[in-house]
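Numbering (our numbering), first residue to last: 82 to 418. What follows is a set of notes on a single structure, which appears directly below.
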Ligand SMILES: NC(=O)c1ccc[n+]([C@@H]2O[C@H](COP(=O)([O-])OP(=O)(O)OC[C@H]3O[C@@H](n4cnc5c(N)ncnc54)[C@H](O)[C@@H]3O)[C@@H](O)[C@H]2O)c1
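So this is what it looks like as C-alpha cells:
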C-alpha cells in the first residue's frame, strides 16, 4: 500500500489533532470524517481536507484502509462493531469504553477477527519511558505513586459518570497504563472517592479519588486523581526502587541515585506523532511498532474500572477478574494471598 486512506469517526478535539498529524504524513490521505454533529465534521474538513460523510457506512464505502475512532467514552461500542465487521484496521482513542462490559465485548471481537488495532496511549512513545524501563530492569520497584491533578476539561460530557466513566477511567488511564508498564500488573485495588462532584453544574463524578494498589510482584502504590483546580498541577509517576527514585511526567524524567540528580526532557508532541506513525506504518505493512494494541489497552481499562468500582462500592477489587476480592480472614490477611 503506497498511500493509506484514512477515515475519522468523531471530529472533536482529539480528532483535530490526529487530522493535523496525519495530513502531515506524505503517505496518508484523509478521505473524510463522520460525526453526529455535522458542524464539528464541517470544521475539521474545512481545516484539514477530506469529505463529510453523514454516517460510518458512507465513510467505509468510500474505500478507507483504516479508521480512527475518536468519540467520547459513552459512544464506543457500536462504532467499533461496524468497523470490525467491515474488516478495517482501527485506531481507538482512550479510554476504549465508558464501562468494562463494552470494552470486553469489543476486545473479544478484535481477538476473533485478528484485526490490526492501536489505542491512543501515546505516553508509551515517550523515550523517557523507555529510559525508565531500562533503569528499572535490574531493580525491582518497591513503591509507586501516580497522580493526575488537573482541572475539568472543557467538554460537556466529561462531568457525567455515564458519559465519561469518571476521571480515573477517562484521564488517569494514561498514568495507570504507565504504571502497568513500569511496575507490573495490579493484583488488587482499594479506592475511595470523596463523593462530591467538582464545582461544575450537573456534575455527578467524584472530584477526587485515591487508591491503594497491590501489585502481583509485591510492589505497592497509590493513585490520586483530582479535577478541582483551574490548571494542570501534575500528571505522572514517582517510582522508588533500591537506591533509585524516578519522577516521570509527559514532559520529562528526573533520576535520583547515588550519583546525584539528572533531568531528561521529553517530547510529548513527538510521542503524539509517533503513535500515529506506528499505526499507519503497520497498516501499510512497513512497520511493527504498535505499543498499545486493543488487548493491551483493555488490560489498562480493567485496572481503571477496578479503581472506579472499588471507589463506588467501597470494597477491594481485583482488576483481572473485575470482581470483588475474597474476604479478609480473621488474621487480617486476604484469603487469596
Ligand atoms: N490520547 C490523548 O492524549 C487524548 C487527548 C484528548 C482526548 N482524548 C480522548 O478522545 C476522546 C474524545 O475526546 P475529544 O476531546 O475529542 O472530545 P470532543 O467532545 O471534543 O469530540 C468528540 C466528538 O465525537 C462526536 N461523537 C459523539 N458520538 C459520536 C458517534 N456515535 N459517532 C460519531 N461521532 C460522535 C461528538 O459530536 C464530538 O464532535 C475522549 O475519550 C478523550 O479521552 C485523548
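Note that beta-carbon positions come from the ideal geometry of N, C-alpha and C, so glycine has one too. This structure is a prediction, so every number in the text was calculated from the model and none was measured.
Subject >> Extent of the continuous alpha helix (DSSP H) to which residue 360 belongs >> reply: 349-365
Original post:
Given 8 Å as the limit, is there contact between the region 337-353 and the region 270-278, that is, 3 or more CB pairs closer than that?
Top reply: no
Subject >> For residue 286, three-class secondary structure by DSSP >> reply: coil
Original post:
Do you know offhand how far residue 345's Cα is from residue 375's?
Top reply: 30 Å
Subject >> Integer Cβ distance of residue 249 from residue 318, believed to fall under 8 Å >> reply: About 15 Å; that fails the 8 Å criterion.
**OP:** Pick out whichever of 119, 117, 110, 139 has its Cα sitting closest to the Cα of residue 130.
**Re:** 110
Original post:
Less than 7 Å between the CB of residue 282 and some heavy atom of ligand 1, yes or no?
Top reply: no
Original post:
Does the beta-carbon of residue 69 have 16 or more other beta-carbons within 10 angstroms, so that it is buried, or is it exposed?
Top reply: Outside the displayed range of the chain (82 to 418) lies residue 69, so it cannot be described from this structure.
Original post:
Who are the Cβ neighbours of residue 183 in its own chain at under 7 Å, not counting the five residues just before and after it?
Top reply: 157, 158
Subject >> beta-carbon residue 123 near ligand 1 non-hydrogen atom, thresh 7 Å >> reply: no
Original post:
Should residue 129 be listed as close to ligand 1, given that the test is whether its C-beta is under 7 Å from any heavy atom?
Top reply: no
**OP:** Assuming residue 307 and residue 209 form a contact by the criterion Cβ under 8 Å, report the distance between their Cβ atoms to the nearest whole angstrom.
**Re:** About 24 Å; that fails the 8 Å criterion.
**OP:** Compute the minimum distance between the beta carbon of residue 138 and the heavy atoms of ligand 1, and state whether it is under 7 Å.
**Re:** no
Original post:
DSSP on residue 185, reduced to helix/strand/coil?
Top reply: helix
**OP:** Mind checking which residues open and close the alpha helix (DSSP H) that includes residue 169?
**Re:** Taken as a continuous stretch (DSSP letters only), residue 169 belongs to no alpha helix (DSSP H), as it is neither H nor E.
Original post:
residue 82 and residue 366: beta carbons closer than 8 Å?
Top reply: yes
**OP:** Given a cut-off of 8 Å, decide if residue 322 and residue 207 are closer than it, judged by their beta-carbon atoms.
**Re:** no
Original post:
With respect to 7 Å, is the separation between the Cβ of residue 96 and the closest non-hydrogen atom of ligand 1 below this value?
Top reply: yes
Original post:
What distance in whole Å lies between the Cβ atoms of residue 304 and residue 294, which are believed to be in contact at a cut-off of 8 Å?
Top reply: 6 Å
Original post:
In chain order, what residues of the same chain lie with their CB nearer than 8 Å to the CB of residue 359, ignoring the 5 residues before and after it?
Top reply: 199, 206, 368, 370, 371, 372
Subject >> Nearest to residue 286 (by Cα), restricted to the options 237, 336, 226, 264 >> reply: 237
**OP:** Check residue 150 in the structure and name its three-state DSSP category.
**Re:** strand
**OP:** Could you check the C-alpha separation between residue 229 and residue 389 for me, to the nearest Å?
**Re:** 15 Å
Original post:
Based on the DSSP output, what are the partners of residue 293 in its beta bridges?
Top reply: 271, 303
Subject >> Where residue 332 falls: helix, strand or coil (DSSP) >> reply: coil
Subject >> Segment contact, 8 Å Cβ cut-off, at least three pairs: the region 113-125 with the region 381-395 >> reply: no
Original post:
Which one of 222, 102, 86, 233 has the shortest CA to CA distance from residue 353?
Top reply: 102
**OP:** Could you tell me which of 150, 161, 274 sits nearest to residue 97, measuring between CA atoms?
**Re:** 150
**OP:** Can you tell me which of the three DSSP states residue 281 falls into?
**Re:** coil
Subject >> Top-ranked residue by Cα proximity to residue 202, from 349, 134, 128 >> reply: 349
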